[in-house]
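Engineer: First, the structure itself, so that you have it in front of you.
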Amino acid sequence: MHSAPFEVRTEHVVCPMCALDRPAPYRARMYRIGETRFDLVRCPCGFVYVDPRPDGPTLGKMYDDADYYTDGYNLGVETENYFERRDELLVHYDGVVAELERTICKPGDLLELGSAGGFFLEAARRRGWRVKGIEISPPAVEYSRREMKLDIHSGDLFEAPFAPRSFDLVVADNVLEHTTNPQKVLEKLRSLLKPGGRVLVIVPSYVNSPFFRLILFLQRVVPRRFLGEQLVKILKLDPDADPKGGGYPYHILEFDRATLTALVKRAGFEVERVEGSVPLPAEVFKAKRTTPRVLVLRAIFRTLDFGMRVGVLPGARLTLVARA
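According to the numbering used here, the sequence shown holds residues 3 to 326 in order.
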């Protein structure tokens, strides 16, 4: 949990997608800060969100926590601290940027919202992009400035000193689910793009998916020892089994394909494509011993990932590209 206790204040919110205030219970006691528990609710429009949620100052204190980059940032999918994966991530993001150059646009002016330690931006810069970032986490800003010598705005998107129509590509990777007003964020990003510029949005969608609802049902018959403690944590099956009690509500919003696409269109973008996938957990895919359990789980995850990428299955993670 947070390195020092702090006052937890909450606020009731209406659906950030449609502004209705008729939510149904979805997943009780999903998260916690100290002794304060947070529930997920589901709107009739299909959107899932935390209500009541931490208020603005409480959210700020949550993200001002170096421990986030061990547990919260990786969401249990990785077992190592984010910063200690520097070399691995630089190689990974080099491949990601190469794919963006092939499918979206050639090197130009790039802005990343939620730039974390700057590994994606550094990989892009090495390939010839002119890069800038925005990050609200002080430990991440300090690291990316010190270690990467990157131009990072520390603070809020709406206070960033960037002129309208400045960028060819804006990337928001695992960011929108943390925001209190995602449509306003997307509209601001659109204003920063050059005419014809693209936005790349990546959000988790597992919790607001048929998979999550099905797994909650199936866990009654699947032996927990087969899944293992780490996978139970990744799948968010039992917050009370987590020593941190479910952890901070880092995701205050939970998208699915329909709500994400509608939101991006409403912000004035033309959606070009949406692709689903599933994160591959390190506990399974970096395991040193290939036991029968590991082999079975690898096969399951790879099959799911393939089905999501070809559109047969709903994605546990969504990648959307849209044009301004």
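Note that CB positions come from ideal geometry on N, CA and C, so glycine has one too.
Remember, predicted model here, so these are calculated numbers, not experimental data.
Counting only runs of 4+ residues fully inside the stretch 279 to 323, write out the alpha helix (DSSP H) ranges in chain order.
Structural biologist: Whole alpha helix (DSSP H) segments, 4+ residues: 284 to 287, 294 to 311.
Engineer: With a Cβ-Cβ cutoff of 9 Å, do Ala260 and Gln185 count as a contact?
Structural biologist: Taking 9 Å as the Cβ cut-off, Ala260 and Gln185 do not qualify as a contacting pair.
Engineer: What three-state label does DSSP hand Ile106 in the structure shown?
Structural biologist: The answer is coil: DSSP assigns Ile106 none of H, G, I, E or B.
Engineer: Give the range of the alpha helix (DSSP H) segment to which Arg128 is assigned.
Structural biologist: Here the alpha helix (DSSP H) through Arg128 covers 121 to 128.
Engineer: Count the other CB atoms within 10 Å of the CB of Lys330; is the residue buried (16 or more) or exposed (fewer)?
Structural biologist: What is shown of the chain runs 3 to 326, which leaves residue 330 out entirely.
Engineer: When you compare only the Cα positions, how much space is there between Met310 and Ala174?
Structural biologist: If you take the alpha carbons of Met310 and Ala174, they lie about 21 Å apart.
Engineer: Comparing C-alpha positions only, which one of Leu188, Phe271, Asp41 sits nearest to Thr12?
Structural biologist: Considering only alpha carbons, the answer is Asp41.
Engineer: Could you spell out where the beta strand (DSSP E) holding Ala21 opens and where it closes?
Structural biologist: Segment: none, Ala21 is in no beta strand (DSSP E) and carries neither H nor E.
Engineer: Count Cβ pairs between the stretch 194 to 209 and the stretch 140 to 158 that sit closer than 8 Å; are there 3 or more?
Structural biologist: Contact fails: fewer than three Cβ-Cβ distances are below 8 Å.
Engineer: What's the C-alpha gap between Val286 and Arg215?
Structural biologist: So the two alpha carbons sit approximately 22 Å from each other.
Engineer: Give the list of continuous beta strand (DSSP E) stretches no shorter than 3 residues that lie fully inside the stretch 155 to 180.
Structural biologist: Whole beta strand (DSSP E) segments, 3+ residues: 169 to 175.
Engineer: Exposed or buried, Asp258, counting other C-beta atoms within 10 Å across all chains shown (16 or more means buried)?
Structural biologist: By the neighbour-count rule (16 or more Cβ atoms within 10 Å), Asp258 is buried.
Engineer: What residue range is occupied by the uninterrupted beta strand (DSSP E) comprising Tyr145?
Structural biologist: It is not in any beta strand (DSSP E) - Tyr145 instead sits in the alpha helix (DSSP H) that spans 140 to 150.
Engineer: Assuming Val276 and Thr263 are in contact, meaning their beta carbons sit under 8 Å apart, how far apart are those beta carbons, in whole angstroms?
Structural biologist: Their Cβ separation, rounded to whole angstroms, is 6 Å, which keeps Val276 and Thr263 in contact under 8 Å.
Engineer: Using CA atoms only, rank isn't needed, just tell me which of Asp57, Pro46, Arg147 is closest to Ser139.
Structural biologist: Ser139 has its Cα closest to that of Arg147, out of Asp57, Pro46, Arg147.
Engineer: Using a Cβ-Cβ cut-off of 6 Å (strictly less than) and excluding sequence neighbours within five positions of Val209, which residues of its own chain qualify?
Structural biologist: For Val209, where only same-chain residues beyond five positions count, the Cβ hits under 6 Å are Glu256.
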